[in-house]
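Chains as they are written, first to last, in the numbering used here: chain R, 1 to 324; chain F, 325 to 487; chain V, 488 to 1155; chain E, 1156 to 1457.
Virtual Cβ for every residue (Gly too), placed ideally from N, Cα, C.
Computed from a prediction, not measured in an experiment: that's the story for all the values here.
Okay, so here's the structure we're looking at.
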Amino acid sequence: MSEKPKIAFYWCASCGGCEESIVDLAEDILEVAKLVEIVLWPVAMDFKRKDIEALADGEIVATMINGAIRTSEQEEMAHLLRRKSRVLIAYGSCAHTGGIPSLANQFSRSELMKYVYHDAPSVDNPESIEPVSAYQSATLPVFRDVVRSLDQVVSVDYTLPGCAPNPALVLAAVRALLSGDLPPKGSVLAPDVSLCDACPRIGSKPTELSIEAFKRAHLHPIDPDQCLLAQGFACLGPATRSGCGERCIRANMPCTGCFGPLSSVRDQGAKALSALTSAIGADSEDEIDRALDGIPDPVGTFYRYGLAKSMLRRKVDLATTTKN
Amino acid sequence: MPNVFEPRILAFFCNWCTYTAADLAGVSRMKYAPTTRVVRVMCSGRVDPQFVLSAFAKGADGVLIGGCHPGDCHYLEGNTKFLRRFRMLKRMLADLGIEPERLRLEWISASEGDRLRTVVNEMTEQIRALGPLHMPAHFKEWDTEVLVEDLSHDREEEVGERV
Amino acid sequence: MEHEVHTNGKEEVRIGFYICHCGSNIGGTIDVAAVADYVRTLPGVVVSKDYKYMCSNAGQDMIVEDIEINRLNRIVVAACSPLLHEKTFRSATHKGGINPFFFHMVNIREHGSWVHEDKALATEKAKAVARGAVGRVRFHKALEKRKEPVTQSVLIVGGGIAGIQAAQTLSNAGKKVYLVEREPTIGGHMALFDKTFPTLDCAACILTPKMTDIGSDPNITLWSYAEVVDVKGYVGNFTAQIRHKPRYIKEDLCVGCLDCIDNCVFKQGNTDDEFNQSLSKRKPVYIPFPQAVPKLVVIDPEACTHLNGGKCEQSCATACERDAIDFNQKESFDDIEVGTVIVTTGFKTFDAARKPLYGYGRYDNVYTALEVERLVTSSGPTGGEVVLRDGRRPKTVAIVHCVGSRDHQTNRWCSRVCCMYSLKLAHLIKEHTGAEVFNFYIDMRCAGKGYEEFYERLLEEGNRFVRGRVAEVTDVPVSAEEEGKLVVKVEDSLAGFVRRIPVDMVVLSTGLEPRQDASNVRRMFNISCSSEGFFLERHPKLAPISTTTDGVFIAGCCQGPKDIPDTVAQAGFAAGEAMALLDKGFVEMEPMTSFVNEELCSGCKTCIGLCPFSAITRDDAKEVAVINPVLCKGCGVCVAACPSGAITQNLFEDCEIFAEIEEVLAHA
Amino acid sequence: MKYAYYPGCSLKASGKAFEESLLAVCSALEIELAELDDWNCCGATAYMAVDETKGAALASRNLALAEQTGLDMAVPCAGCYGVLLKAQAMQRKYPRLADQVSVGLKAGGLTYGGRVRVKHPLEILAMDFGTKAFRSRVKVPLKGLRVACYYGCRLVRPESPFDDSHDPVTMDNLLKSVGARIVDYTLKSKCCGGSLTGTIPEVGQNLCYQLLKEAQRREADVVATACPLCQFNLECYQKDIARKYTDLKPIPVVYFTQLLGASLGLDPVALGFPRLIVPIEPILRERGIMAKAGTEPAKAGV
């Protein structure tokens, strides 16, 4: 019997949404399942690390890893799967550019620990207990100082962008994988053109855009037909790859940039910032500043999914723990 | 050489005003700190925030952008367009821990060689007081924590400029 | 020596690097050999040399030869400012057989050796910027300069002696000229003068024939009482809009008979006569002076009863046999196309009231030099009689030099003409009145042909010269002889004591300043001003009439104070440059325009509204942005803003700039 | 409106009428002048001439004290005003001197950040309060009173932040707005002789004579001053001067604040009128601004 190609799924620092997106393939998943042998899928199946270690190098045809890399365990698994896989796919925004978890690159480890174990309003920790990486014979993965995208830890062959990737793109990617009809290595498996290309509202975008003041989407009513930028909402569509199916736009919300930058852009946040602010309808410093007040958290706005892969990667002056 | 920290300031000067002002400072033999490295652009409006981030990421301790005074832009209002980006960029960089003194925008007209000298000297002193930013060292330091096993694994294909 | 093959992903890159000593200008501060040694180690560099004078023929030939011998395909020269010699080395690169844009220039003189004292640090800086250039030039692409035809006409803005001279020169060569003058007549300040220094020839005798010629020259379209309100385009292809102020006279019907003026209901003048520096009155319908060109009357809407809505029998209109008077005239506009522009907008004189200690405006008998010019002119308000406002003839006159010039409280510059015109006025006043004339000066600056001799003549004529800046002019007497006089208080710096000299009349030799609206003019023509506000020449010595905008030239006092001979020479020079452009017939456009990569463009429209020249439109069929290369001026605003990285600017491509940033900083 | 008030030595001695009238006017206008705690002599002209650094430090101590209040500084004495501005300008221009001054201040537990705005009451009343607002408070217009406005040399030289240094007009405008007639007085910013009146009287008193003579020639009823030393010189030496220059007639020399106070209808005693050597009441009565003798002054509201 001809062996079915082995594939693996793994998750790192992620929310589980990417796993959901695989399930979202619905009945198509059965077609895939028939054709392949899944050797690892922690969310759904009970294979262990030792099962993977037992495989020969390169034995897995393709592995999709979602989630950012935050812990030593995630690094180890990334390395292991890289070694065992012929094709490694960064699946979803977190693996692609760091995703929401990489916004934590604005804080030091101790700040994070302090908040999560002591200061958060929901915490009840009267004895002020914090996790330790080793206790007696037990060890825990090391929590790193820096959140990374997958390709900052191992080399990645392809990327499926999105938070989460949309099922059509996933299916297309799997089919390409199985047929061997693959684009050049390093490709992002989504159109290399910005979201405006497919945006249903592009017709209503004025050519002389003049943003008097940025508005925050939860504070103002949103016209469901008009270009969101024209309404003053910081829509990152112009600076974001398309292929998502314009889901946010169709749900009357501005694009927040989860599909990442185009191939010719090196820093999505900087480009988005440049495109959006150049069109501010003010010339004096004070007026410009007033217009910008509608973006109170520029890092969270322009690097919502991409701080790890931004040029600066992380807040500069944070403490690091050089010894782990 | 005495052990003084010499800041490295990457400067983007517009061709018509600030670059010419720097030429004038030269012709007038005005002396100022040898800390700037000038990248000539036609207009401050050409300065992409990516350039600024790249400069910091590649090791600049400060970034100075020089353009024409408002209303004097050779291209009407390229300087204003950069000003808009600059105001946001400055806020964003502050959130990322880069001190405001490290990023400066100055309107320096072609006749203001003296102003150029003052600005460069002032900025040099301010950054000298702050100390080096040295992002490449930060990156290196951050990455000491990562597992390096297998990092060389088929790296060949990945490196190389994306042109 | 063998080199590693270095590519930019497309071709093998072979870079030649040259560093110039510029005599000791660079070599005295920067260790050029060390820089050359350093650059030689950089990837892709095949040749790295230093040379005494790169811009010399030998230096350029070296590049040409090396390109051939070493199959160089990229050239970097570290020398002076690219604004000075980029063209030189581009053409050397081209001469070597490769595209001229495979060249990049590094400025280590103006930005290096001339501004830094620490030799080691200056050398390190030179290495860094050289490395940046080597890094960037790898990505340079072959570019072509686009040729555009030059419209065969010239716009001259300002009809003073500079504009007149330039217009005549161009017309003599058969060029079409539009001469636009704001005032009703051409002639400018020179028309106000009686005599000119040092020859004392009559200003009107040498100027008015030229004015008349202009008025009748078929090559010259003279528009007086008109202003340029808008200028668009670029060298060779400017469009300008001219606004004609209503004269309330049909210009084609008026023959300048002046019957209307004689028949105006006002028998005497009712308005200050600007031409006579308000020393006399004129009527609402007037001609600035008898030799005005064009010889057309003007009706002043402020002063005219009818135009102010009052009741008037309009006797002027009745008197005009040709029915030339048209009270309903409105302003009108002309749009013209020209290949080049010469700006000759002149100067204004310093407002003497800004020096309150000299009492102008407070004491009747304190005059400005221009007022006295009118007093000594036979066609002036007093028929050439130098008399005080009360009709008395002054017995003693003080001429105060440097009013508003060489003064840190007002203008720091020397106005260059005041010493000489003060001498002229001293001579004329003495000649007309026999008065004792005192000149109060800081230095006598009489540099010019025949100028010093004129000064000597004045000394011989018995004029008094007191060296010292006048402290004040006062009417407060401290002795009987000062009663009823103006007292000039001055420290006589030759005699070494403070003097009080009572006089009947004080003449303030006011300096020259940029016109109030110089900055509007500057913006309209996209040229620069130096710090004091005069228009900035491209190079103080080698390009004194060129500006930072190609095809826009400047001449006369708008560029800086100067006398008539210098103005005329400069105007001729500007005309020559304009003519050279016209006769060449085409201009080569810098290729640093931007273009859209249609594959990457999503048609998001971000760039369209940002373009200041409306060069970007959206192709709605393809749903992409399109840049019109003719309209694009290459600022790069759209490139920086394009969120898709879909726009590229030639010579300033992202990859080039990123490489420059990275490499400049890679040198520790 | 509130200011940190630095009176300086003169206003506590020979210039008492200046302080009295200034405080009276300000209190009537609800302008609060909070006197600085523990102020010291500004150093006057003498100290700067002897040792600039120490002179600047001495003056800067007052600036440092004022800076602590966060208020603008009100400085009525033209001498102090000039010295404080000079101390500021020198520190701006010469960083080394600024360093030395700050070392000195530090020894006294003080710092000066260069942020204080030093203002003369002329500027405060004419610009901050406003000439227009002042006019609306006038109860007794100084109709017909011919005033020679004399600024002296220290107030507006070498550079004034609020007026022209050769042809100042702030006082002219202020007094014009309360109804006075301002005579053309071109000597308005000439020197009164300063301390020369006492040290070399033949020079100093001659300067005073010229100023007074010109005021007389212009038919001024009164000379208004803005500096305690000017007022002192022009008033106290009048008898001496008149002995030498017999054509000089007595003329009242007052502080501009005294005239402003009169226009607000304030009590002449509160305005320091009794301190004047050449009384002003006669001319005020003659011009009908003050009630004729016999009427009780306070009630007449001047």
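For my contact list, residue i and residue j are in at a C-beta cut-off of 8 Å; report their separation, rounded to the angstrom.
i	j	result
V:S1081	R:V265	Rounded, the Cβ-Cβ distance is 16 Å, inconsistent with contact.
V:H598	F:V387	Not quite, the Cβ-Cβ distance comes to about 17 Å (not below 8 Å), so this is no contact.
R:T240	R:C248	R:T240 to R:C248, Cβ: 10 Å. No contact.
V:L679	V:E860	6 Å
V:K917	V:E948	6 Å
V:C1045	V:T832	5 Å
V:A565	V:A617	5 Å
V:V977	V:T961	No, V:V977 and V:T961 are not in contact; Cβ-Cβ is about 12 Å, not under 8 Å.
F:D396	V:R1010	7 Å
V:L657	V:A1065	6 Å
Can you pull the chain E residues whose beta carbon is under 7 Å from the beta carbon of residue i, in chain order?
i	result
V:T961	T1341
Helix or strand or just coil, what does DSSP make of residue i?
i	result
V:E1075	strand
V:I829	strand
E:D1327	helix
V:F680	coil
V:F504	strand
V:H1241	Examination of residue 1241 of chain V is not possible in this model, given that chain V is present from 488 through 1155 alone.
E:L1177	helix
F:W267	Since the first residue of chain F shown is 325 and the last is 487, residue 267 of chain F is not available in this structure.
R:V146	strand
F:G350	helix
R:F233	strand
In this structure, what does DSSP give as the bridge partners for residue i?
i	result
V:D821	V:I729
V:F952	V:N926
V:D979	V:F984
R:S194	R:R241
V:C689	V:K682
V:P1001	V:F834
F:W494	The structure shown does not extend to residue 494 of chain F, since chain F is modelled only from 325 through 487, so no value can be given for it.
R:N66	R:W11 and R:Y91
For residue i, go through chain F and note every residue whose CB falls closer than 7 Å to its CB, in chain order.
i	result
R:S278	K405, R408 and R409
V:F1145	S378
Under 7 Å between beta-carbons, which chain V residues line up against residue i? List them in chain order, please.
i	result
E:D1322	P843
F:G369	C1122, G1123, V1124 and A1127
R:T207	K1092, I1095, G1096 and R1105
Counting only Cβ pairs nearer than 9 Å, list the residues of chain R close to residue i.
i	result
V:F1130	One point to set straight first is that residue 1130 of chain V is Pro, not Phe, in the sequence displayed. Here the neighbours are S194, C196, L236, G237, P238, A239, T240, P261, L262, V265, Q268, K271, A272, S274, A275 and L276.
Can you name the residues of chain V whose CB is closer than 9 Å to the CB of residue i?
i	result
E:Q1386	Result: empty, since nearest Cβ-Cβ is about 21 Å, beyond 9 Å.
E:Q1365	V963 and V965
Given that residue i touches chain V, what residues does it touch there, using C-beta distances under 8 Å?
i	result
E:D1318	Here the premise fails: no neighbours, minimum Cβ distance about 11 Å.
F:M354	V602
Output, in chain order, the set of chain R residues within a Cβ distance shorter than 8 Å of residue i.
i	result
V:G1090	C196, D197 and I202
F:D372	A270, K271 and S274
Any heavy atom of the ligand SAH closer than 7 Å to the beta-carbon of residue i?
i	result
F:R411	This structure lacks the ligand SAH, and indeed carries no ligand of any kind.
Check: If you scan the region 1199-1254 of chain E from start to end, which runs of the alpha helix (DSSP H) of 4 or more residues do you find wholly inside it?
Finding: The region 1199-1254 of chain E contains these whole alpha helix (DSSP H) runs: 1199-1205, 1207-1224 and 1233-1248.
Item checked: Segments assigned alpha helix (DSSP H), at least 4 residues, entirely inside the region 1283-1312 of chain E -> Every alpha helix (DSSP H) of 4 residues or more that sits fully in the region 1283-1312 of chain E is shown, in chain order, as 1286-1292.
Check: Which whole runs of the alpha helix (DSSP H) in the region 843-931 of chain V are 4 residues long or more, in chain order?
Finding: Here the runs fully enclosed are 856-863 and 905-920.
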